[in-house]
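Numbering (mature numbering (1 follows the signal peptide of the UniProt record, and there is no 0)), first residue to last: -31 to -1, 1 to 355. The beta carbon of each residue, even a glycine, is placed where N, CA and C say it ideally should be. A quick write-up on the structure given underneath.
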């Protein structure tokens, strides 16, 4: 009798728990919203003037992720930084990725975290693993966690399962695979987008084994990657075909864009890129046609929920509205007083024409001054380089 009562009680408890589970709202977080912070690690692994395009590739990608919302504090930029102020640069203190030279990539308030000989295999691997020296500055660290999406971009010279660092050493496909494996074990990422532009690029991600990684490269095994075009005044190629195409697509989106990774990958053709760009998605747990480009290239908005209006008393709302109206009226009065004061001080009757400067001449003078100022600012960047 006791056993039968105990069995009935257990059954009732089970039914009650099932009913409670149905009634309670789900707290499951979808894969698309799992990331709470996005980071970018941008690496130009080459150096010297004739590799101008690799630095331009990296700086153009840097400009793009900043435009789409990733703050400098969450971007790690690694490049030799020996091009802008190179004696052979006819446009000192500048870097361009297009021969029209409309956008100075070196003038976008860049923050280079690692430059010169600091760009090496050991530093890159320590950065990913979080094992930098204690003396390393906070802003040079990759402070990611299990809710971080990371965009890793690398460009330079490579071969079958390796990428050269400044013609001095190489990083292998195994090195990067194990670095990502250690990051996953330590909870240092949620998802990774790995993108590489080099010869035989697709071999560099062939050894990956950690989950939640999507990888893409510019060329298959035994294939070269190609530059896109040169600037005759600069004298070298200024961008690579694969990176140029990716950036062209990214220039069409904004922070709220619904364009997906699949949309981007569908545009990869041999005719456009000159080689067989690759995509590896077997480790990735989300459909590519549901994964937005901004999940990796864009920033994550931090939204603060305020108290609903319905919880406030009507009298309190009215008081707040009256305070706002009073403040606005006060500001309008201050502006009006200042305007009247200026009109009293300024002499009347001064008109354009006669002996004064016309608007066209004045505008032309301002334009020339701005152009001269831009050249001076660009050259002054090099005077500060040590």
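query	result
Measuring only the C-alpha atoms, how far is residue 32 from residue 48?	14 angstroms
Cutting at 7 angstroms between CB atoms, please list the residues of its own chain near residue 159, excluding the five before and the five after it.	3, 4, 115, 116, 117, 118, 181
Nearest to residue 71 by CA position, among 183, 80, 60, is which residue?	60
Counting Cβ pairs, one atom from each stretch, are 3 or more of them under 8 angstroms apart for the stretch 238 to 246 and the stretch 188 to 207?	yes
Helix, strand or coil for residue 225, going by three-state DSSP, please let me know.	coil
Is residue 257 helix, strand or coil when you go by DSSP?	helix
Hey, would you say residue 228 sits closer than 9 angstroms to residue 120, going by beta carbons?	no
Can you say whether residue -5 is buried or exposed, counting buried as having 16 or more other CB atoms within 10 angstroms of its CB?	At residue -5 the pLDDT is 32, less than 50, meaning the model places this residue with poor confidence; the figure from the coordinates comes in the next sentence. Residue -5 is exposed by the Cβ-count criterion.
List in chain order: all unbroken alpha helix (DSSP H) runs of 4+ residues lying wholly within the stretch 46 to 124.	90 to 98
DSSP has residue 160 in a bridge; who is on the other side?	118
At the level of alpha carbons, what is the spacing between residue 216 and residue 67?	12 angstroms
For residue 58 and residue 184, what's the separation of their Cα atoms in angstroms?	34 angstroms
Could you please give the first and the last residue of the uninterrupted alpha helix (DSSP H) stretch that includes residue 208?	Note, residue 208: premise wrong, no alpha helix (DSSP H); beta strand (DSSP E) at 205 to 209.
DSSP three-state label for residue 171, please.	helix
Does DSSP put residue 42 in a helix, in a strand, or in coil?	helix
Among the residues of its own chain, which have a CB less than 7 angstroms from the CB of residue 248, if the five just before and after it don't count?	185, 234
Ends of the alpha helix (DSSP H) at residue 143?	142 to 154
Look up residue 132 in the DSSP assignment and say whether it is helix, strand or coil.	strand
Rounded to whole angstroms, what's the CA-CA distance from residue 15 to residue 222? Just pull it up for me.	29 angstroms
Indicate the three-state DSSP secondary structure (helix, strand or coil) for residue 351 in the structure shown.	helix
Mind checking if residue 259 is an interface residue toward chain B, Cβ cutoff 9 angstroms exclusive?	Looking at the structure shown, chain B is missing, and only one protein chain is on hand.
When we look at the beta-carbon of residue 197 and count the other beta-carbons within 10 Å, is it buried (16 or more) or exposed?	buried
Does the stretch 140 to 156 come close enough to the stretch 201 to 208 to have 3 or more Cβ pairs within less than 8 angstroms?	no
Pull up the distance between the alpha-carbon of residue 351 and that of residue 26, whole angstroms please.	21 angstroms
According to DSSP, what are the bridge partners of residue 7?	118
Going by the DSSP bridge assignment, what does residue 186 pair with across the sheet?	165, 247
Quick check on DSSP: helix, strand or coil for residue 126?	coil
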